[in-house]
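Just so we're aligned: the sequence shown equals residues -17 to 94 in this note's numbering.
Every residue gets a Cβ at the ideal spot worked out from N, C-alpha and C, and that includes glycine.
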Amino acid sequence: VLDGKSKLLVATGLVKTLESKFELPEGENLNVIATFDGEALVGTSYQHPLYDRKSEVIAGGDYITTESGTGLVHTAPGHGQEDYLTGLKYGLELLSPVDDVGKFTTEAGSST
C-alpha cells in the first residue's frame, strides 16, 4: 500500500526492489497485506490501467521471472514465440498490427 488507498500486486521476491525504485523515505516500506500463489489469480480478470478493457489472468510460461518488474507480464500472441505459444494454449486472439516494413497498421488504432 503506497498511499493508504492504492494497492499493487507484485511477486513477493520483488517487494524490496520496488521499495528502492519508489524511493520511499528512509524507514518507510511497502505494506504487504496478503500473500498467495500466483496460480490463485488464474481465471480472474483485471481492468487494464490505461485502456477501457478487461482481461483474464492466465498462467504464462517459464520465461516469466522475478528478476525485474512486478512478476506479472502482459502477453501479446502476435509478438514473439513464447507469447504466441501461450496464446495458442489459452485461445487468445492473435493480433499483429504491424506491416511488412515494421510500421503499425490501422488495426493498431490511433496513437493520439
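- Judged by DSSP in its simplified three-state form, Tyr33 adopts coil rather than helix or strand.
- Residue state for Glu49 is assigned as coil, using DSSP reduced to three classes.
- For the 8 Å CB-CB criterion, Leu(-9) and Leu54 form a contact.
- If you look at Asp65, you'll find it in the alpha helix (DSSP H) that goes 63 to 72.
- Non-local C-beta neighbours of Glu64 in its own chain, meaning closer than 7 Å and more than five positions away in sequence, comprise Gly43, Tyr45, ordered along the chain.
- Boundaries of the alpha helix (DSSP H) around Lys3: -3 to 3.
- Taking 8 Å as the cut-off, the Cβ atoms of Gly69 and Pro59 count as close.
- Beta-bridge partners assigned by DSSP to Val24: none are found.
- Around Lys71, the same chain offers no residue with a beta carbon nearer than 6 Å, after the five sequence neighbours per side are excluded.
- In this structure, the straight-line span from the alpha carbon of Leu0 to that of Lys(-13) is close to 18 Å.
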